[in-house]
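Here is the structure we will look at.
2 protein chains.
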Amino acid sequence: MSNTITLLALLLLPHLFLISGAAAARPQCFWPGQAPEDAGCLSWRVMVEANNARGWRTVPEQCVGYVKGYMTRGQYLRDLAGVMEQASAYVDQAADADADGLDAWVFDIDDTCLSNLLYYEGKQFGAYDPSAFKAWASKEACPGIPPVLGLFATLLDKGFKVFLLSGRDEEALGPCTAANLEAEGFSGYERLIMRSPEHRGQSSSVFKSAMRKQLVEEGYRIRGNVGDQWSDLQGDCVGDRVFKIPNPMYFVP
Amino acid sequence: MSNTITLLALLLLPHLFLISGAAAARPQCFWPGQAPEDAGCLSWRVMVEANNARGWRTVPEQCVGYVKGYMTRGQYLRDLAGVMEQASAYVDQAADADADGLDAWVFDIDDTCLSNLLYYEGKQFGAYDPSAFKAWASKEACPGIPPVLGLFATLLDKGFKVFLLSGRDEEALGPCTAANLEAEGFSGYERLIMRSPEHRGQSSSVFKSAMRKQLVEEGYRIRGNVGDQWSDLQGDCVGDRVFKIPNPMYFVP
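Those protein sequences? They're chains A and B, same order as listed.
Counting from 1, one number per residue, gives the positions in the first sequence under the working numbering.
Counting from 254, one number per residue, gives the positions in the second sequence under the working numbering.
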C-alpha cells in the first residue's frame, strides 16, 4: 500500500501541482499563489524587500522564472498598489504643504516612475549591461507606472514640490529621460536631478545622499521619499517617511 | 483510475503537506504556495517586512488564517533560516572580533531569540494585551528560535560580545526572562538589558536607541543588530548592519 501510494503520488503530484515548465500548465497554483518549488524564491524576494539580501548581482538562476511570474502575473502590481495606498494614507493624514513652497517629496525614476520590466525580461533578469541599458533608455519607451503616477499627481495637487532624482547619466540620458517622463504623464515636477559628470563612479547611495542634502540646504523639507532600491531610501536626509517600491529584478548599491 | 487517484490524493495530502482544518478545501494551493485569496495578505506581509506598513494594531481580520498558515506551515521558518544565512555570510566575510573585546552584536528577545507564536496563536493574533502577555512570559515557556540560536553561538565562538536588548519590563519579567533564555540555550551573552522603571512608557524605538547609545559610549562597536521589529533596527547607533527577522504577528513602534 505504501509503495502504491508513493507511486501514485509521483504520478499524481505533477497534475495536482501542475509542476512543469510552462506556467500555463499550473493555472490554479501559479500567481497569485506560487508553485511549491518557488517557496525558496519567495523567501529570497522578501529578503530583498526587507533589505536583508544585499549586493546581489543577478536574480538567482533558479528564481528567474519565479521573478518573471511575480512581475507579470499580478502580484507585483498588487504589491505596488498596496505600497502606494500606504503612501496616500500617509499624505492624507500628514500636514498639507506649507505656503512657503518648501515641502518636498523625492521620487526615484527607474522602476519607480518608469518601468524597465520589458528590458529586464528581455535580458532574462541577467547582469547589468550599461551599454544595452543606455540603448533601451534612449528609446524613451519605458512605460509609466500608474499607481506611482497617481501619488505624484496627488502630491502636486496638494502643493508639494516633487523632485525626481536618478542615477542615470545626465549627459547621455538627460533629454530622453525628460521626454519619456513627459510622455508618460510625469510633468509639473520641480526639478529633474540626474548624475552630472562629477558624480560618475559614485554609488547611488552616496550620490543621492549628496543631492538630497543639497535640497535640504536650499531650505526644502523632504516630507517623503519613494524608490525601488534601499539606496534611494537610506543615507543622509532621507525624508520624514520612505516608501519602498518592490523590485526583485536588480540591486543598486 | 481518476477517482482512485483523487481518493488517494485526499488520503495522502494531509500527510504530505500536513493540511488540516479549513486548508483541506484548498490542498493544492496552500503552503508553501498560497491560496489565491491570500494574495492581498501576501502583499500586506511583504509591506510589513519592508517597513511600508506601520502602526498597525492587529493582523487584518481577513489575514488571520493566512498569518497562522505562514507561521506554522513552513514558510516562516524558511524565511527565518534565509535571513540567518545572510547574517552568517556577513559574519564570515566581515572582520573577526578585535582582541580588545569591544566588538558587539545586539539581539532583541521576543520573536527574535524566543518565540511567542504559541501565545499569539492562542490570541488569534489579536490586539496586544499587557497582562495576558505578562502571564505568558512569566511561565518561562517561550521556545527558543533555533536558527537565531545558531547565529548567537557563532558570534560567541568568534569572540563577539552579545547584548540582549528587550523592551520587557525588568522588574516584572527580569528573572523569568533570564531563566527562559538560559533554558533555551541562550547563555554566555554579555548583558541582558531590559526596560528599567525610568524608561517605562517610552516607545521601543526611543528606549532601544538610548540603550545602544550607552553601549557605544562605553566603547562598544555595534557590528550587527538582529530584531523582528523595525523599531529594533532604526534610530541611533543601529550598528554596521541590521537583520530583520520576519514577524507578521504584531507591530511595536
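We treat Cβ as the ideally placed atom computed from N, Cα and C, and that holds for glycine.
Could you give the C-beta distance for residue i and residue j, rounded to a whole number, given that I count them as a contact under 8 Å?
i, j, result
"F160(A)", "A97(A)", "5 Å"
"L164(A)", "C113(A)", "7 Å"
"P253(A)", "S205(A)", "6 Å"
"K134(A)", "L192(A)", "The Cβ separation is near 17 Å, so there is no contact."
"G477(B)", "W358(B)", "4 Å"
"E170(A)", "M194(A)", "4 Å"
"D281(A)", "I245(A)", "Outside the displayed range of chain A (1 to 253) lies residue 281(A), so it cannot be described from this structure."
Work out the CA separation of residue j and residue i for me, nearest whole Å.
i, j, result
"L118(A)", "P248(A)", "14 Å"
"E190(A)", "D129(A)", "31 Å"
"Y76(A)", "V491(B)", "31 Å"
"R421(B)", "F460(B)", "11 Å"
"Y527(B)", "D356(B)", "It is not possible to answer for residue 527(B), since the shown part of chain B is limited to 254 through 506."
"K392(B)", "S484(B)", "26 Å"
"A50(A)", "V299(B)", "8 Å"
"Y90(A)", "A306(B)", "10 Å"
"F186(A)", "S368(B)", "47 Å"
"G488(B)", "V216(A)", "20 Å"
"D240(A)", "I222(A)", "6 Å"
"G293(B)", "A178(A)", "34 Å"
"S419(B)", "Y373(B)", "18 Å"
"V336(B)", "F496(B)", "7 Å"
"I362(B)", "P396(B)", "11 Å"
"P147(A)", "E85(A)", "9 Å"
"S341(B)", "F378(B)", "31 Å"
"I145(A)", "D228(A)", "12 Å"
"F360(B)", "G150(A)", "40 Å"
"G294(A)", "P60(A)", "No information on residue 294(A) is available, as it lies outside the stretch 1 to 253 that chain A covers here."
"G255(A)", "Y66(A)", "Past the boundaries of the shown model lies residue 255(A); chain A is included only from 1 to 253, so the question cannot be answered."
"M71(A)", "V64(A)", "11 Å"
Over what stretch of residues does the beta strand (DSSP E) that includes residue i continue unbroken?
i, result
"N478(B)", "R474 to G480"
"A104(A)", "D103 to F107"
Could you give the DSSP three-state label for residue i: helix, strand or coil?
i, result
"F163(A)", "strand"
"M447(B)", "strand"
"V505(B)", "coil"
"V301(B)", "helix"
"D349(B)", "coil"
"L486(B)", "helix"
"D110(A)", "strand"
"T72(A)", "helix"
"V59(A)", "coil"
"C294(B)", "helix"
"V238(A)", "coil"
"G318(B)", "helix"
"N500(B)", "coil"
For the alpha helix (DSSP H) containing residue i, list its first residue and its last residue.
i, result
"V83(A)", "Q75 to Q93"
"K244(A)", "Careful: K244(A) lies outside any alpha helix (DSSP H), inside the beta strand (DSSP E) at V242 to K244."
"C429(B)", "E423 to A436"
"D157(A)", "P146 to D157"
"F439(B)", "Neither: F439(B) is in no alpha helix (DSSP H) and is coded neither H nor E."
"K134(A)", "P130 to S138"
"F207(A)", "S204 to E217"
"G122(A)", "L117 to G122"
Using a Cβ-based criterion (distance less than 7 Å to any ligand heavy atom), does residue i qualify as near the ligand ATP?
i, result
"A380(B)", "Although the ligand ATP was asked about, the structure shown includes no ligands whatsoever."
So with CB distances below 9 Å, who are the chain E contacts of residue i?
i, result
"R310(B)", "Absent from the structure is chain E; the protein chains it does hold are A and B."
With a threshold of 16 other CB atoms inside 10 Å of the CB of residue i, please say whether the residue is buried or exposed.
i, result
"A354(B)", "Rather than Ala, the amino acid found at residue 354(B) in this sequence is Gly. Classification of G354(B): exposed, given that the 10 Å Cβ count is below 16."
"E184(A)", "buried"
"D79(A)", "buried"
"D345(B)", "exposed"
"K213(A)", "exposed"
"P175(A)", "exposed"
"R57(A)", "exposed"
"D291(B)", "buried"
"A380(B)", "exposed"
"G308(B)", "exposed"
"G188(A)", "exposed"
"R453(B)", "exposed"
"A390(B)", "buried"
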